[in-house]
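Scroll down for the structure; my scribbles are underneath it.
Number of protein chains: 2
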Amino acid sequence: MPKIKLNTNADNTLSKGALSILREAEELFATKGFDAVSINDIAKQAGVSKANIFHHFQSKDGLFLEVLKIACNRSAQALDAAPELLPDDPLARINNFFSGHLQALLAQPRSTRLIQWELMMNGEQRGKRLAEEVFAETFSRVVSLVREAQSHEIIKSEVDASLLAFLLIGANVFFFETRDVLKHLPDVNFAKSPEQYSTAVFDLLARGFEKVS
Amino acid sequence: MPKIKLNTNADNTLSKGALSILREAEELFATKGFDAVSINDIAKQAGVSKANIFHHFQSKDGLFLEVLKIACNRSAQALDAAPELLPDDPLARINNFFSGHLQALLAQPRSTRLIQWELMMNGEQRGKRLAEEVFAETFSRVVSLVREAQSHEIIKSEVDASLLAFLLIGANVFFFETRDVLKHLPDVNFAKSPEQYSTAVFDLLARGFEKVS
DNA sequence: TATTTTACTGACCGAACGGTTAGTCGCGGG
DNA sequence: CCCGCGACTAACCGTTCGGTCAGTAAAATA
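So the sequence lines, in the order shown, correspond to chains A and B. According to the numbering used here, the first sequence is numbered sequentially starting from 7. According to the numbering used here, the second sequence is numbered sequentially starting from 7.
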């Protein structure tokens, strides 16, 4: 007679130890990358034994994948927050998404950096598809927003919607990536706050830099 | 009487072994990152013994730093190529630099990725300043180009020159970073060639996406 | 209460790590 | 001719790596 396995934990509850492992592993992986972090580092940081990590997760790769999954979900959820106060103006909706996207990136730097690491790894297959899916979903959302504005004749029809979406996302990601380096650069006045950056970029992209005589 | 050290190698010539070590180390570091590459990997790839690497370089960090220096120099030189055929039109000069910058990034993916890795490492001090200097130099060059165009009243004076420079560089770097992922995305028509991308981005930034009624 | 299951640990494993040592080989200068 | 020196290597060092295992304490199940 087959035993029915009744797990003590209700599906999505984890023991205190497992949670601290996930938390500290994310922190370490996000700041140093996969290969620079050892199981011992994580165990010490989380205050558990090394063997305990292998009790909860089958391998280092498995742990990383779990951490990455959580990060991807958090990252996706952050973009779905406050979906009700969407303005009617299609342009304002793009602007809304744009600044919200940057805020989401900055609010969860560990998740963002984790996905960034994974997109950077070329050889490994590990969780690259996961990271790419996050990227692809965000991308297609912006594309559809742009297309909608084009159908309302608010955005030039000759503008490539996918290119504009790419530039918007890229502007945010590049800001996130270089936010530390940016402080060392002279003559940078646009990065005092994310909001300032968002509005400035959006305005520049909207009107263009070329002087119309 | 102090012996004058006459190195067999004239100052900047290196032995065949040392060259292959540098070459293969760059290849491996660029694709996998610092921590994922072992001295053994490099030795095997370069066809030399592990000890030989420590004969030419004092440590793994030292080797990496040397590789990074070379990459930074190559990256800087690539931007100085063909400086004579600069057009008179300030706007065309920006466009020239913009497309040339992207071509330089793509033509030397190993150098580019190496610098990218180093900018990403937050904790390590290793060669981060080097990578930042490359970034800063490129940045200030674009800023001055923009300012020049503004003084000729070709670019709107109310546009933040540093922001525009940041967006231009960011557009190129982001394209480089995501060029592999880009192929998997649907509805992406702007990435058939770097030239097409360059002109499309420049055009969009120049005129803006907003429809003027 | 008796039995299973889970959370957790210290001791341990072979492999691989960065790095060292002792020594071989070939070549150029005195 | 030989001697010193740079290029180069096999073998080795202590340490740390990812991962295993036997066992314990406590909690859930029966």
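Idealized CB from N, CA, C, for every residue including glycine.
From the listed residues B:183, B:109 and B:103, the smallest Cα separation to residue 121 (chain B) is found for B:183.
In the three-state scheme derived from DSSP, where H, G and I count as helix and E and B as strand, residue 72 (chain A) is classed as helix.
The straight-line gap separating the alpha-carbon atoms of residue 143 (chain A) and residue 23 (chain B) is approximately 47 Å.
Annotation: the continuous alpha helix (DSSP H) that includes residue 46 (chain A) extends over 45–52.
Counting C-beta pairs closer than 8 Å gives fewer than three between the stretch 45–65 of chain A and the stretch 142–158 of chain A, which falls short of the contact rule.
Assigned with DSSP and collapsed to three states, residue 161 (chain B) falls in strand.
With a threshold of 9 Å between beta carbons, residue 69 (chain A) makes no contact with chain B.
Residue contact check for residue 95 (chain A) against chain B: no CB pair falls below 9 Å.
Taken through DSSP and simplified to helix, strand or coil, residue 130 (chain A) comes out as coil. When the five nearest sequence neighbours on each side are left out, the beta carbons in the same chain lying within less than 6 Å of the beta carbon of residue 134 (chain A) are those of 124, in order along the chain. Our two residues, residue 170 (chain B) and residue 136 (chain A), have alpha carbons roughly 32 Å apart in a direct line. A Cβ of chain B is located within less than 9 Å of the beta carbon of residue 168 (chain A). For residue 188 (chain B), the enclosing alpha helix (DSSP H) has its first and last residue at 167–190.
Going by C-alpha positions, residue 91 (chain B) is about 24 Å away from residue 215 (chain A). Of the residues A:35, A:106, A:193 and A:95, the one whose Cα lies closest to the Cα of residue 66 (chain A) is A:35.
For the set A:190, A:161, A:103 and A:107, the Cα lying nearest the Cα of residue 139 (chain B) is the one of A:190. Contacts between residue 176 (chain A) and chain B, judged by CB atoms closer than 7 Å, involve 176, 177 and 180 in chain order.
Of all residues in the stretch 25–45 of chain B, only 37, 38, 39, 41 and 42 come within less than 7 Å of chain A when Cβ atoms are compared, listed by chain position. Burial check for residue 218 (chain A): the Cβ neighbour count within 10 Å stays below 16, so the residue is exposed. The residue from A:177, A:39, A:33 and A:62 with its alpha-carbon nearest to that of residue 127 (chain A) is A:39. For residue 30 (chain B), the enclosing alpha helix (DSSP H) starts and ends at 22–38.
Residue 216 (chain A) has B:161 as its beta-bridge partners, per DSSP. Residue 96 (chain A) sits buried, since 16 or more C-beta atoms from the chains shown fall within 10 Å of its C-beta. The straight-line gap separating the alpha-carbon atoms of residue 130 (chain B) and residue 157 (chain A) is approximately 49 Å. Residue contact check for residue 122 (chain A) against chain B: a CB pair falls below 9 Å. The C-alpha of residue 81 (chain A) lies about 12 Å from the C-alpha of residue 73 (chain A).
Of all residues in the stretch 197–216 of chain B, those with a C-beta nearer than 7 Å to a C-beta of chain A are 206, 207, 210, 211, 212, 213, 214, 215 and 216, reading in chain order. Considering only A:109, A:181 and A:41, the residue with the shortest C-alpha distance to residue 132 (chain A) is A:41.
When only Cα atoms are considered, residue 25 (chain A) and residue 85 (chain A) end up about 24 Å apart.
Under the 10 Å beta carbon count, residue 98 (chain A) is surrounded by fewer than 16 other beta carbons and is classified as exposed. Cβ contact annotation for residue 45 (chain B) (same chain, cutoff 7 Å, sequence separation greater than five): 56, 59 and 66, in chain order. Within chain B, the residues placing a beta-carbon under 7 Å from that of residue 145 (chain A) are 191, ordered along the chain. Flagged as an interface residue toward chain B: residue 194 (chain A), by a C-beta distance shorter than 9 Å. Among the CB atoms of chain B, none fall inside 9 Å of the CB of residue 48 (chain A). Shown here is that no member of the stretch 97–120 of chain B has a Cβ falling below 7 Å from a Cβ of chain A. Separation of residue 63 (chain B) and residue 160 (chain A) (C-alpha to C-alpha, rounded to the nearest whole angstrom) is 60 Å.
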